[in-house]
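Worksheet: the structure to be examined is printed underneath.
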Amino acid sequence: MASTAPQTTTALPTEWRDFFTLTKPRVMTLVIFTAICGVLAAPGSIHPVLGFTAILAIAMGAGGSAVLNQWWEADLDAGMKRTMNRPLPGGRMRREDARDFGLFLSAASIVLMGVAIGWLAAALLLAAIIYYAVIYTMWLKPRTPQNIVIGGGAGAFPPLIGWIAVTGEITAMPVLLFAIIFFWTPPHFWALALFVQSDYAKVGIPMLPVVAGEKATRHQILIYTLVLAPIAIAPWYIGGTGWIYGMTAVTLSALFVLLAVPVGTRTRAAEGDKMLPEKKLFKFSIYYLFALFAALVADRVAAYQGWLA
Numbered sequence: 073m074a075s076t077a078p079q080t081t082t083a084l085p086t087e088w089r090d091f092f093t094l095t096k097p098r099v100m101t102l103v104i105f106t107a108i109c110g111v112l113a114a115p116g117s118i119h120p121v122l123g124f125t126a127i128l129a130i131a132m133g134a135g136g137s138a139v140l141n142q143w144w145e146a147d148l149d150a151g152m153k154r155t156m157n158r159p160l161p162g163g164r165m166r167r168e169d170a171r172d173f174g175l176f177l178s179a180a181s182i183v184l185m186g187v188a189i190g191w192l193a194a195a196l197l198l199a200a201i202i203y204y205a206v207i208y209t210m211w212l213k214p215r216t217p218q219n220i221v222i223g224g225g226a227g228a229f230p231p232l233i234g235w236i237a238v239t240g241e242i243t244a245m246p247v248l249l250f251a252i253i254f255f256w257t258p259p260h261f262w263a264l265a266l267f268v269q270s271d272y273a274k275v276g277i278p279m280l281p282v283v284a285g286e287k288a289t290r291h292q293i294l295i296y297t298l299v300l301a302p303i304a305i306a307p308w309y310i311g312g313t314g315w316i317y318g319m320t321a322v323t324l325s326a327l328f329v330l331l332a333v334p335v336g337t338r339t340r341a342a343e344g345d346k347m348l349p350e351k352k353l354f355k356f357s358i359y360y361l362f363a364l365f366a367a368l369v370a371d372r373v374a375a376y377q378g379w380l381a
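In our numbering, the protein residues as written are 73 to 381.
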């Protein structure tokens with residue numbers, strides 16, 4: 073049964089900005105960027121209008137699932153400092169309006185993708201929405217400390233769908249792009265969870281630092297980083313990219329590991345420690361993914377222009 077958010081007696085008027093906020097625009101930036109990279113890096117070509125339509129459908133689907141996530145977790149958001157001012161816990165919107173908006177965006181994105189691009193891409197978009205809004209939000213997140221590991225697949229779909237929108241088929245390269253984001257998510261998110269774990273503990277969400285403690289979380293961050301590094305280099309190894317991506321992946325992955333080592337090898341933050349290694353790793357992890365996918369596109373452009381011949 074869905075949770076019930078605290079409501080004010082007289083709700084504040086809803087503005088378009090509140091609907092936009094529900095789509096998590098900061099997260100959407102990464103979704104759109106990786107989807108665009110999937111489209112641009114894929115072999116073959118797609119008409120610019122169709123390419124734009126594919127990206128729009130992916131953005132709508134991601135936004136819709138984000139809205140449904142906040143609709144379901146409205147009372148949890150109200151109990152956490154970093155989310156208590158969102159439109160629903162802030163009393164600026166009725167929960168029913170948020171639910172209907174999320175369902176509309178999700179359904180419209182699938183229909184748009186299917187009609188304009190193809191039903192394989194639409195099926196994967198549907199899977200991504202269900203993965204995040206239902207499997208992760210409603211099932212995994214409140215039940216297991218491995219929620220972010222399994223749920224990481226939701227954020228890994230955009231480049232896979234973008235690639236398939238161009239090629240119409242699933243091959244090793246888009247699967248590797250999916251795997252990169254899948255294995256990037258745990259060290260990225262757990263680095264954040266280490267310095268906001270009190271929020272999760274307060275509302276009863278079993279994030280790994282809360283359930284298993286800092287030591288286990290730090291070890292897991294290091295393990296997943298070590299697994300991520302060869303996967304990030306794999307597209308170059310199998311011949312799917314050239315040296316621009318390869319050198320970028322090797323360099324960035326080495327830096328990722330170097331930053332993860334001090335996080336993973338210490339037991340806990342010292343008294344008065346501002347958890348700088350964890351914050352450095354979290355910030356770098358964002359730049360890492362952006363730079364890695366940008367290199368993928370640069371490599372494709374260079375190959376198309378014959379610069380890598």
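C-beta atoms are modelled at their ideal positions from N, C-alpha and C, and glycine is treated no differently. A quick note: this is a predicted structure, and the numbers were derived from the prediction, not measured.
Check	Outcome
Pro258 (DSSP reduced to helix, strand or coil)	helix
Own chain residues within Cβ distance below 7 Å of Leu324, not counting five before or after	Tyr360, Ala363 and Leu364
DSSP-derived helix/strand/coil call for Asn141	helix
Inter-residue Cα distance where the pair is Ala113 and Ser357	21 Å
Distance between Ile236 and Val247 (C-alpha atoms, nearest Å)	10 Å
Spatial neighbours of Trp308 in its chain, beta-carbon cut-off 7 Å, leaving aside the 5 residues before and after	Tyr317, Gly318 and Ala321
Buried versus exposed call for Trp144 [16 or more other C-beta atoms within 10 Å across all chains shown]	buried
Among Gly225, Gly314 and Pro217, the one whose alpha carbon lies nearest that of Val285	Here residue 285 turns out to be Gly, not Val, going by the sequence shown. Residue Pro217 is the option with its Cα nearest to Gly285.
C-alpha gap between Gly136 and Ile202, whole angstroms	11 Å
Bounding residues of the alpha helix (DSSP H) (the contiguous stretch that carries Val322)	Trp315 to Thr337
8 Å Cβ cutoff met for His291 and Gly227	no
Those runs of the alpha helix (DSSP H) which lie wholly inside the segment 152-192 and span at least 4 residues	167-188
Identity of the residue in Gln269, Val238 and Ile130 nearest His119 by Cα	Val238
Validate contact between the segment 185-193 and the segment 162-177 using beta carbons, cut 8 Å, 3 pairs	no
Residues near Ala129 in its chain [Cβ-Cβ closer than 6 Å; skip 5 each side]	Ser181, Leu184 and Met185
Pick from Ala366, Ile253 and Ala146 that is closest to Arg167, judged by C-alpha positions	Ala146
Sequence-distant residues of the same chain with beta carbon closer than 6 Å to Val103, five excluded per side	Ala134 and Pro230
Among Gly110, Gln142 and Ala251, the one whose alpha carbon lies nearest that of Tyr208	Gln142
As assigned by DSSP and simplified to three states, the class of Met100	helix
Neighbourhood of Pro334 by C-beta distance below 6 Å, restricted to the same chain and skipping five residues each side	Pro349
Backbone CA spacing between Phe254 and Leu298 [nearest angstrom]	13 Å
Segments assigned alpha helix (DSSP H), at least 4 residues, entirely inside the segment 258-299	269-275 and 280-283
Span separating the alpha-carbon of Gly311 from that of Gly225	25 Å
Neighbourhood of Arg154 by C-beta distance below 8 Å, restricted to the same chain and skipping five residues each side	Val268 and Asp271
Candidates Leu249, Ala194 and Ala367: closest to Gly314 by CA position	Ala367
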